[in-house]
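Numbering (our numbering), first residue to last: 2 to 265. Built from N, CA and C at the ideal position, the CB exists for glycine as well. Please read all numbers here as calculations on a predicted model, not as lab measurements.
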Ligand code: HH2
């Protein structure tokens, strides 16, 4: 999954794809580089980000979704607003990626009605406050229970089990230690039976592990996190640097499979 932030304030790319032409070009480029799905977002979820009105969010995301979908490129809509999700699906998106975990019944209703696939993400609190001293008794079991309960609520609303993905929400109301615990225990989440998505790319915990303040300089750490996540059962990795991550995944997979599987 390639990240396409059509926002002026995302933490890692600060507005470089705000114009529709630039957003579409970046989406096409990521598809060409091997991304199976382009995640289009019009509202930053970084800690302390300003909220965006429905009209403005739609104005940002719809041109890219329409244009990429028309070119046969699968897209997901990264939003927590049911109105935005509904319009994005109408414009051609096939997945709703909601960082608020489908807590809003209207969001569940949109997904059930449209038959879209969904990604349920765990977040502690909301983006404004989530990093203020996050605490858990047992982060892995609390996140697992939350994701399981939200998936049940989604199925009760009419969403098919086969359309549900889950995501522990790396960096959303979590300390470095919480993120490390979740990554180390991915098989515990994967055994709920839903595909697991991990978004660690360029995030501040990678900066903290490697003493790198500039998100654009966290490629090595981001690739390490993507490979580790894949090796522990993540089925989808949400990344900014598609070309480099795809190459790393291909090489890792071939090496992990060993010589018996390799075709000269
Ligand atoms: N992370 C971000 C946004 N959406 N969705 C899922 N499912 N999982 C994630 O980990 C995730 C997400 C934050 O990253 P980014 O989009 O690069 O930044 P911003 O929210 O500032 O636009």
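query = Which same chain residues, not among the five before or five after residue 196, have their C-beta less than 7 Å away from its C-beta?
reply = 166, 236 and 237
Notebook entry, point to check: Should residue 269 and residue 78 be called a contact, given that it needs their Cβ atoms to be closer than 8 Å?
Noted result: Residue numbering for the chain in the displayed model covers 2 to 265; residue 269 lies beyond these limits and cannot be assessed.
- Query: Should residue 98 be listed as close to the ligand HH2, given that the test is whether its C-beta is under 7 Å from any heavy atom?
  - Reply: yes
Tell me whether the beta-carbon of residue 187 lies closer than 8 Å to the beta-carbon of residue 234. yes
- Spell out a yes or no on whether the region 17-33 and the region 123-140 are touching, meaning 3 or more CB-CB pairs, one atom from each, closer than 8 Å. no
Query - residue 250 versus residue 257 - alpha carbon distance - result: 10 Å
Throw me the rounded Cβ distance for the residue 245 and residue 224 pair, which I believe falls under 8 Å.
-> 6 Å
task: Taking 6 Å as the limit, tell me which residues put their C-beta closer than that to any heavy atom of the ligand HH2, in chain order.
output: 4, 6, 8, 11, 12, 13, 42, 45, 46, 47, 79, 98, 100, 120, 122, 168, 170, 171, 198, 200 and 239
### Query
Buried or exposed: which applies to residue 56, given that a residue is buried once 16 or more other Cβ atoms fall within 10 Å of its Cβ?
exposed
message: Which residue marks the beginning of the beta strand (DSSP E) containing residue 221, and which one marks its end?
response: Counting along the chain, residue 221 falls outside any beta strand (DSSP E), though it belongs to the alpha helix (DSSP H) covering 220-232.
- Query: CA-CA distance, residue 25 and residue 138?
  - Reply: 43 Å
ask   = So, do the region 96-105 and the region 146-155 have three or more beta carbon pairs nearer to each other than 8 Å?
value = yes
7 Å Cβ shell around residue 49 - same chain, five flanking residues per side excluded: 129
Check your understanding: Run through DSSP, which three-state label would residue 40 get?
Key -> strand
Quick one: what does DSSP say residue 183 is sitting in, helix, strand or coil? Looking at residue 183 - three-state DSSP - the assignment turns out to be helix.
| task | Hey, could you find the ends of the alpha helix (DSSP H) residue 107 is sitting in? | result | 106-115
*residue 73 by DSSP, collapsed to three states: which one?*
In the three-state reduction of the DSSP assignment, residue 73 falls in the coil class, being assigned neither a helical nor a strand state.
For this session: Since I believe residue 168 is in contact with residue 121 (beta carbons under 8 Å), could you give me their beta-carbon distance rounded to a whole number of angstroms?
Result: That belief holds up - the Cβ atoms of residue 121 and residue 168 are roughly 7 Å apart, short of 8 Å.
Checklist entry - How long is the line joining the alpha carbons of residue 156 and residue 144, rounded to whole angstroms? => result Straight-line Cα distance between these residues: approximately 18 Å.
- Query: In terms of residues, what are the limits of the alpha helix (DSSP H) holding residue 207?
  - Reply: 205-211
- With 16 as the cutoff for other CB atoms within 10 Å, does residue 123 come out buried or exposed? Label assigned to residue 123: buried.
Can you give me the start and stop residues for the beta strand (DSSP E) that residue 192 sits inside? Neither: residue 192 is in no beta strand (DSSP E) and is coded neither H nor E.
For residue 96, which residues does DSSP report across the bridge? 77 and 118
Practice problem: Return the chain-ordered list of same chain residues with a C-beta closer than 6 Å to the C-beta of residue 75, the five sequence neighbours on each side being excluded. | Solution: 38 and 95
Length of the line joining the Cα atoms of residue 58 and residue 93: Just so you know, the alpha carbons of residue 58 and residue 93 end up roughly 16 Å apart.
Practice problem: Quick one: grab the DSSP three-state call for residue 90. | Solution: helix
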